[in-house]
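Residue numbers for the sequence shown follow the UniProt record's numbering, so the first one is 1 and each next one is one higher.
The next block holds one structure in the form of structure tokens; read it before the comments.
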Amino acid sequence: MFSHTNPDTKFTPFTLNTPSGRDVTGIEFVPGSAKSTTKDIKPLIVALHGATCFSGYWDLDAEHTASIAASALGLPFVAIDRPGYVGTDSVVLDGSTYQLATAKWIEDEILPQLWQKYGVPNACSAVCLMCHSLGCCVGITIASLHAKTVNKAQYPLAGLVISGVGRRLRRSASVIDNPAELDMNILPPVLQRDLSEQVPFMLGDPELQLYDQAITSSLASHAGSMTREELHGGIMFMVTEVGAHFIESVQCSVLYGLAEHDHAGYGTQEEARSYAEMFKSSRRVDWFLMRNAPHAIEWSKAGKGWCSHGLGWALEVTADYVIQQQQLVTPRSPVQHRQGYLWDSGRFGQNWTEHDMHTLRSGAREVRATFFAEHSSNRMMKSLLAVILLFQQPCISDTTSHILEEGPTYVFSPASRSLFPESMRGFIGQIGIEMKQNTTILHMSPGSRAVLDFGVEVAGLIAFNYRTNDTQPLSLSFTESSSFIGDISDDTGKVHTQDWDKALNVTVDDGAGFYTMPAGNFRGGFRFLALNARANISVSNITCNIGFAPNMPDLQAYTGYFSTSESYYRQLGQLWAAGAYTVQTNIAPQDTGRWLPQIRPGWAYNASLGVGEGPFLVDGAKRDRAIWPGDLGISGPAAALAFGDAGLLPWRNGLETMIHFQNTSSESYGEFPYAGPDTNSFRNGLQSETYHAWTLITMYDYVMYTGDEAWLDTQWKSVVDGVDFILDRLDPDTGLHNQTQLNDWGRQGAGGYNSALNALDYHALKSLASLNNDTDQASTWLGAASKLKQSYNSFLWDTAACLYFDNTTTTLHPQDGNALALAFNLTMNASRATKLSSALTTNWNEIGPVTPELPDTISPFISGIELLGHFRSGNPDRGLDLLQRLWGYLLTSPLMTASTFAEGISANGSLWYRSASGYSYDPKYTSLSHSWSAAPVQVLIHELVGLKLGKPGGREWVLEPKIGNVADAMARFVTPLGKFEARVSKKANETVLVVEILTPADTKGTVILPGDWTIEIDGRPHDKSIPIEGGSKSMRLQR
């Protein structure tokens, strides 16, 4: 059907066979000046054509060919035939859209091959995608997928050039008047466009003279067909929210051109601007309206200029990409003050109008801002100059990750407990910005709003200087996510109207003064602060007095860390740091719990969190701000590993609160409470058998990290009573626990011989038996655990699915029960564990596991247990995949705080977590800093590096590295016995592990590795059966 039309072509056809056995065809042009192997800054251009066309779109004739610009700039240019076109095989949709299925194949297989074939040999620095029309939907999806796996991607992506795409479609492109309602089934399976339709659609009205008439003879080959799946998927991508998720998560730079006479859409400045604004996470966005150009800009009289502009822009952003990567690996001082400048991503030399977009570039990072102003360029330019100066002040602190001389590679914790905003995200209305003696003063008029960005999740009380003639001149609104910035806060109470908290009204004395928020309005978690003016007011010296981790004068005083020098997995260090910071924001001072009954509107966080002076390790920074035993199962070890004594104290205080309220009634004697005292669950007397088991497990873990056996002796009766509560409820025949208390982490269903409950019981019994000095009692506990495990496998294992059932009366295979079984070693053998690990991936989508027991939900809590299970079962690469897939999304999604991990997300990555299951359809209620999501902290230290505790306090330790595809990694943590530190590196084609290890002198350890290994310590052979004495050792492990 297709034939190349340029007789003078400089392109050469090619065919690739991808790893999955499918073929890809296309054309390539590598000018002589691009064939240098000298490292130079240049991109590899990869082009994607639109519907009914093919790769020859980019090489129509001698005047309309990308080879002109590619030759002039010395850039390799490759255009592929998208799936189903020319010789490229089709994709199997399997319920997916054409765009997503195509993008996955291109991202996973085609682009890595093109990079190896054309990018690496020609010393290119990165890939830039150039896309047209429906090819843009595929290109955007590729860039979105790439952003989520950027640190393990097999090629670097610097930029995305798109044209012929928009937010609204004309009927000529969308078949019906309201394209969002288009039913795919009304379309024929294949849609054919003949030449009489193609010319006006692609090139516009002939009377406008947008193109040379001579080219029409070359268009017959480009009047092809497309499937209805491609058309319908592309339309839905553009005009509905289907594509918004992908667009908003694109992180590379974007160049967007909209043609004035585009027959597919509406060629206006407003259309171009509104579409460009959707790229909220992109490093840079350039956009413009191309006057007197049609849909197929490349074929028009402007085509040569557009191609030259696009390729020149690609050169520019590739240079920026290269410099950015260099900055990411260049050590910086712990506190570096920012200097920035403004770059306009819209029109130059014209009056500013509402919603003009800018980028504030600071150091190696850019922060997007939207400014709202009147049609007064002089006034706007004065404001912009003031904003530039705002970023040059030494009072603006750098709260982003930085490299320390010793310790974690990345730290999100602020350097000071009195924190200034990092930047101004934007403003609305009339605001004057004045610089005076190194102080920024905002002169706000009634109805104006200034949005300040602290750069990371923060918490505490806001304070500022003011001058006003009004006693209620403004209100404050707080949000964790940029999606909810406005004149009201996000929610600490759940309501479908999404307006529980509203804003905090500021009451002051008129005149000049200093304002501090009332202590009762403590705000536990936010990144963005909006000042909403009701009267004329001047505000300066705005600070947040950090209210978390009050026992840490220096918030950056970490005792633990994880890092890897391998750029391919650089994000792992960031994920460890984000997990640690998530836990730190959940170290809550006493009397900052949620007051009950909740006030509305507003919030009050001045209730007692627990027993004693505090602080306490709670579940969420914004909410619930309460002690939950299940959360402690993840956050306790993370706090100990990251902060040592400063993490152990709030963990212990939380446990002692649970112990204090242990049930002493005859019916539930020995049962620990479901949650802390500042929860409705506690006040309403709700009980949970699973969270009872979690309390016992986290008590065991606490003793392991502290070695505080004197504390254990004090609490031992509570431990025995808690274990007896479990033993009394085990069925005498099966040894399994019949669940009658269904309260849990938020899941649906359960009951019966529930797999999650019984896995928790098993781990509690087996773990605590190892701490029991009464050998007869310990034997009883171990016997019960053994019988439970046998029945667990006899009654709950599904041989066909290689998964455990939720209970004996259902066919549901839950994530929680299976993840706990994998993590706590309930499988009967290693082979079954491997099968279980593999089977769990059937729940995964692009960003994580969708849990069957709570539909449309991805839970970092349960997925964190699954993450532990993959590593512990000897499947580290699967664990690494999950780690970067889910936690990488939680860190980098524009919906999040870029510093902490959320409590959960919906299956599509939105914040509508548990909307239909307890959260009243209120996405503003979802917590974006939740301690139960911090599993990466212990996984990376204990499982990947493999340095873990064998006996309380670490008097015996184990080194069991499972680094998978990571080339090297190092980690450290401390216990009261001292410092534990290890670095593991692969050598000699992965047959040798070199380990540098430091452990306290009075300890001893064991090395565990799969298969047959020999060990040398300090150059001498070592018998693996003999424990290794503590101290500094150099090991060589060879198989």
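Glycine is no exception: its CB is placed at the ideal position from the N, C-alpha and C atoms.
None of these values were measured; they are calculated from a predicted model.
Check	Outcome
Selected residue, minimal CA-CA separation from residue 41, among 75, 753 and 926	75
For residue 162, the residue or residues it bridges with in DSSP	131 and 256
Euclidean distance between Cα positions of residue 268 and residue 218	29 Å
Close beta carbons around residue 839, own chain, < 7 Å, minus the five adjacent residues each side	801, 802 and 803
Cα-Cα separation between residue 1040 and residue 315, rounded to whole angstroms	Look at the range of the chain in this structure, 1 to 1039, and you will see that residue 1040 is not part of it.
Boundaries of the alpha helix (DSSP H) in which residue 270 is found, first to last residue	269-276
Classification of residue 713 by the beta-carbon crowding that lies within 10 angstroms, buried from 16 upward	exposed
Close beta carbons around residue 1016, own chain, < 6 Å, minus the five adjacent residues each side	1036
Identity of the residue in 726, 806 and 186 nearest residue 227 by Cα	186
Validate contact between the stretch 229-237 and the stretch 250-266 using beta carbons, cut 8 Å, 3 pairs	no
Close Cβ partners of residue 54 (< 6 Å) along its chain, the five nearest in sequence each way excluded	2, 81, 85 and 86
Extent of the continuous beta strand (DSSP E) run through residue 704	Run containing residue 704: none in the beta strand (DSSP E); it sits in the alpha helix (DSSP H), 689-706.
Beta bridge counterpart(s) of residue 72 as assigned by DSSP	Residue 72 is not bridged to any residue.
Euclidean distance between Cα positions of residue 212 and residue 222	17 Å
Extent of the continuous beta strand (DSSP E) run through residue 43	43-48
Residue of 964, 158 and 458 minimising C-alpha distance to residue 321	158
Helix, strand or coil at residue 914 according to DSSP, with G and I counted as helix	coil
Distance between residue 91 and residue 722 (C-alpha atoms, nearest Å)	56 Å
Where the alpha helix (DSSP H) containing residue 792 begins and where it ends	775-796
Length at least 4, wholly inside the stretch 86-114: the alpha helix (DSSP H) runs in chain order	98-105 and 111-114
Check: residue 556 C-beta below 7 Å from any heavy atom of the ligand ATP	Ligands are entirely absent from the displayed structure, and the ligand ATP is therefore not among its contents.
Beta-carbon proximity check, residue 616 vs residue 653, cutoff 8 Å	yes
Sequence-distant residues of the same chain with beta carbon closer than 6 Å to residue 67, five excluded per side	10 and 29
Those residues which DSSP pairs with residue 996 across a bridge	983 and 1034
Best match in 488, 984 and 912 for proximity to residue 499 [C-alpha to C-alpha]	488
Residue 844 to residue 850 span [Cα, whole Å]	6 Å
Reduced DSSP category for residue 117 - H, G, I as helix; E, B as strand; rest coil	helix
Counted within 10 angstroms of its Cβ, other Cβ atoms place residue 413 as buried (16 or more) or exposed	buried
Outcome for residue 896 when other beta-carbon atoms lying within 10 angstroms are tallied against a minimum of 16	buried
Residues that DSSP places opposite residue 658 in a beta bridge	Answer is none; residue 658 lacks a bridge partner.
Local conformation of residue 297 per DSSP, three classes	helix
Sequence-distant residues of the same chain with beta carbon closer than 7 Å to residue 244, five excluded per side	278
Inter-stretch contact (C-beta, 8 Å, three-pair minimum) for the stretch 434-453 and the stretch 526-536	yes
Residue 984 versus residue 503: straight-line alpha-carbon distance, rounded	51 Å
Residues of its chain near residue 1026, where Cβ-Cβ distance is below 7 Å and the 5 sequence neighbours each way are ignored	none
DSSP-derived helix/strand/coil call for residue 237	helix
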